[in-house]
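Engineer: In the numbering used here, the protein residues as written are 1160 to 1571.
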Ligand SMILES: Cc1cc2nc3c(=O)[nH]c(=O)nc-3n(C[C@H](O)[C@H](O)[C@H](O)COP(=O)(O)OP(=O)(O)OC[C@H]3O[C@@H](n4cnc5c(N)ncnc54)[C@H](O)[C@@H]3O)c2cc1C
């Protein structure tokens, strides 16, 4: 007889986990899938091309009705789970009680709203799901002013998307340069130039004081007194793991729902994965590690041993014309050495951070063609000693005898 698996959250992590589970053992679990959003899985990363008008929602759906039906999944979309009763092993929702043998929490994250005056005005949105995206599109952006608070990956994708729809966009960023978690100041400055060239205003070191407006958002006031007009304000200042259900159920929760290497929570019948989890003190905000979690959890649910070990993640920005690549650690530190290539005319900047004979950080802007090659070397902790002199020029400039990354890895 099939055992009952309840999954809370039809996001990118649980979608991938279900694929692995059904591929390996189609008949082991009877799955009920809850989602607060009134739909199943879609590729959240691709909301940015939907916002800019390059794709439609239908093109970014990853699991359609047919996929769920073929696997016998009971879909409870548009239905939030409100409570988990661990002793009775049921979840509660508007539709009643649903029993489980195993429960997976995959509730993702919630956008962080900065607590400023005016944050509740109509015209203030976040950027997380299709509703947010549609709200920005429905605002009829052509010829209007929009302010994005937050110059990280999400904020810049929102800014570029709204600019593509004809809005006059300003990005307010608290830090000294854009995307400071993925880029160093030099690359951040090149990115800012490229965004400004396409008509986006960038205000770094800008702290938002209030959102002004009479009955709806009309402007954003900064601490330094600057006022930017804004028919629409998009807050993209960060995310918080969605842990409320786990907290209420008495599971171990720190910043995220605490899981072990097998993605099991403090309750042996409850598992968690995705942005809602905390694993060995680490939170996750990009999909690459979540897909690894998905593989591990599917194995765990099949009673097979598996261990989650996060990998270094690389970041790219999905804004046409802004080629950037950032990975690893590029903060200054003892024993670290930089190899830098600058071509200000061509808008190209490449920086490799080395510790001994290993690459530990990569920052590239303008020409990122070799990003994958450098990243491969970084992930494999390859010894680049023999390539050091011409390393920054990429694989095409290595001596013929230079070993390929795969060979290097074997040698290590
Ligand atoms: C616009 C945008 C662009 C992005 N671009 C990139 C990128 O380029 N590269 C990258 O690596 N990452 C990117 N990300 C981040 C990436 O999308 C997330 O890391 C990923 O979607 C997280 O997956 P998840 O399954 O943990 O959560 P989610 O995909 O958020 O899914 C969680 C789901 O759980 C549901 N839920 C929550 N609580 C309940 C409840 N009580 N009951 C029922 N359902 C509930 C939510 O409604 C949601 O649908 C981007 C994110 C956004 C928003």
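Think of the CB as a built atom: it goes at the ideal place given N, C-alpha and C, for glycine as much as any other residue.
Leaving out five residues before and five after residue 1529 in sequence, what residues of the same chain have Cβ atoms less than 7 Å from its Cβ?
Structural biologist: 1553, 1554
Engineer: Determine contact between the stretch 1427-1435 and the stretch 1248-1263, defined as no fewer than three beta-carbon pairs at a distance below 8 Å.
Structural biologist: yes
Engineer: CB-CB under 7 Å to residue 1568, same chain, minus the five flanking residues each way: which ones, in chain order?
Structural biologist: Confidence is the limiting factor: at residue 1568 the pLDDT is only 44, short of 50, which leaves the residue's position unreliable and the question unanswerable from this model.
Engineer: Any idea if residue 1285 is buried or exposed, counting beta-carbon neighbours within 10 angstroms, 16 or more meaning buried?
Structural biologist: buried
Engineer: Quick check: residue 1325 and residue 1363, are their CB atoms within less than 7 Å of each other?
Structural biologist: Residue 1325 is not a Cβ neighbour of residue 1363, given a cutoff of 7 Å.
Engineer: For a test of your reading of the model: does the CB of residue 1287 fall under 6 Å from any non-hydrogen atom of ligand 1? Yes or no.
Structural biologist: yes
Engineer: Assign residue 1169 to one of three DSSP states: helix, strand, or coil.
Structural biologist: In this structure, DSSP gives residue 1169 a state outside helix and strand, which the three-state scheme calls coil.
Engineer: So the candidates are 1496, 1188, 1422; which of them puts its Cα closest to the Cα of residue 1512?
Structural biologist: It is 1496 whose Cα lies nearest to the Cα of residue 1512.
Engineer: Is residue 1176 close to ligand 1? I mean its beta-carbon at under 6 Å from any heavy atom of the ligand.
Structural biologist: Not so, every heavy atom of ligand 1 lies at least 6 Å from the Cβ.
Engineer: Of the choices 1317, 1220, 1174, 1434, whose alpha-carbon is the least far from that of residue 1479?
Structural biologist: Nearest option by C-alpha distance: 1317.
Engineer: Whose C-alpha, out of 1277, 1271, 1407, is nearest the C-alpha of residue 1314?
Structural biologist: 1271
Engineer: Let me confirm a value: residue 1182 is counted as buried when at least 16 other C-beta atoms fall within 10 Å, else exposed. Which label applies?
Structural biologist: exposed
Engineer: Go through its chain and collect everything with a Cβ distance to residue 1178's Cβ below 6 Å, but skip five positions before and after it.
Structural biologist: none
Engineer: Can residue 1239 be considered in contact with ligand 1, in the sense that its beta carbon sits closer than 6 Å to one or more heavy atoms?
Structural biologist: yes
Engineer: Where does residue 1554 fall in DSSP's three states?
Structural biologist: helix
Engineer: With a threshold of 6 Å on Cβ separation, who are the neighbours of residue 1193 within its own chain once the five nearest residues in sequence on each side are excluded?
Structural biologist: The beta carbon of residue 1193 sits closer than 6 Å to those of 1167, 1235, 1238, 1240, all from its chain and outside the five residues before and after it, given in chain order.
Engineer: Let me check understanding here. Comparing Cα to Cα, which of 1254, 1248, 1323, 1217 lies closest to residue 1233?
Structural biologist: 1254
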